[in-house]
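Every number in the working numbering is 1135 more than the matching position in the sequence shown, counting from 1. Beta carbons: idealized from backbone N, C-alpha and C, even for Gly. Reviewing the structure listed below.
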Amino acid sequence: MIARRSGSALLGLSSSSSSSASSAPSSSRLFATTVPVAQAPRPPRLVPKSHHLAKTPTPDSVYTQVQSYPTHPLLGFFAFDSRKITRRNAEGVEEDVDVSVPVALSERDLGKDGVSSRAWLAPELRKKSSVELHQLWYACLKERNRLTSTRDELRRSGARELARYANLNISFIDRRVRKTMARTKFVLNERRLALLEAQERALDGVEVEEEGADMLEEPYEEEGAAATAAAQDPASAMLESGGSATEKAQLR
């Protein structure tokens, strides 16, 4: 009996040990066995041949960049503010000068809103020519690009909350610009519809009279006819005009 129990105990021990051994993970699976993928070689930095031949030096500051490329298209995405910088004059003496440099956030974008500008009204835009309206449209597009650059720079630098405490008003400026663009589009559409209507009338053979033309021409025609009649018969002209009794008696 003792031998049988000990044998069964040994069998149970061996089975439990084998089950625990099978359930325990292997040591090789505890470590990452990812095969390293061969990365593609990075291509060298390419410089355009024209830049290489020109040997143009890289600007060392914003001021140098503005002085070297004053009409660069990317400068239109930023506002310009006056800044003081220290530079050497022709005599080699350092002096402080005011220069205009592009900035991400200008002073006019901060402060209380409603003081700096307002949107254009439709009656004001109707007095402008079509060329001026198109120029105003592109000026509004440029202003919206500048406001978008300011918003992106504030988000990138993490200074949105700080600018909000300083009364950031670019959203109000953007709303006024969009109102101006909408009214400009409305006025241009009015002119387009008026042109189409005039073309249809011209094709149908309908005479298109300008507004106020009869009011301007008729008085001049009547005055001219009256002057001609007075020159030919001054007596009748005096009687019709209602002169004094003495003058009428003399004429009779």
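So residue i and residue j are in contact, right, with Cβ under 8 Å, and what is the actual spacing, rounded?
i, j, result
"R1326", "S1265", "7 Å"
"W1255", "R1318", "6 Å"
"R1253", "V1236", "Contact doesn't hold; Cβ gap of about 28 Å is too wide."
With a threshold of 7 Å on Cβ separation, who are the neighbours of residue i within its own chain once the five nearest residues in sequence on each side are excluded?
i, result
"M1316", "W1272, C1275"
"I1305", "D1244, L1282, T1285, R1286"
"K1190", "none"
"L1303", "D1244, L1245"
Leaving aside the five residues before and after residue i along the sequence, list all residues of the same chain whose C-beta is less than 6 Å from its C-beta, in chain order.
i, result
"K1263", "none"
"A1301", "L1245"
"L1351", "Only weak support exists for where L1351 lies, its pLDDT of 44 falling under 50; the coordinates are left without a value."
"S1241", "A1214, D1216"
Could you spell out where the alpha helix (DSSP H) holding residue i opens and where it closes?
i, result
"F1307", "1305 to 1339"
"R1299", "1295 to 1300"
"V1182", "Per DSSP, V1182 belongs to no alpha helix (DSSP H) and is neither H nor E."
"Y1198", "1197 to 1203"
Looking at residue j and residue i, is the spacing between their C-beta atoms short of 8 Å?
i, j, result
"A1257", "V1322", "yes"
"P1192", "Q1200", "no"
"Y1198", "V1234", "yes"
"V1232", "I1220", "yes"
"R1261", "D1309", "no"
"G1211", "K1314", "no"
Cutting at 8 Å between CB atoms, please list the residues of its own chain near residue i, excluding the five before and the five after it.
i, result
"A1329", "none"
"P1354", "With a pLDDT of 48 at P1354, under the threshold of 50, the predicted position of this residue should be treated as unreliable, though the coordinate-derived value follows. Within the same chain, P1354 has no close Cβ partners at all."
Report the residue ranges of all beta strand (DSSP E) runs contained in full by the stretch 1218 to 1278; include only those spanning at least 3 residues, in chain order.
1229 to 1238
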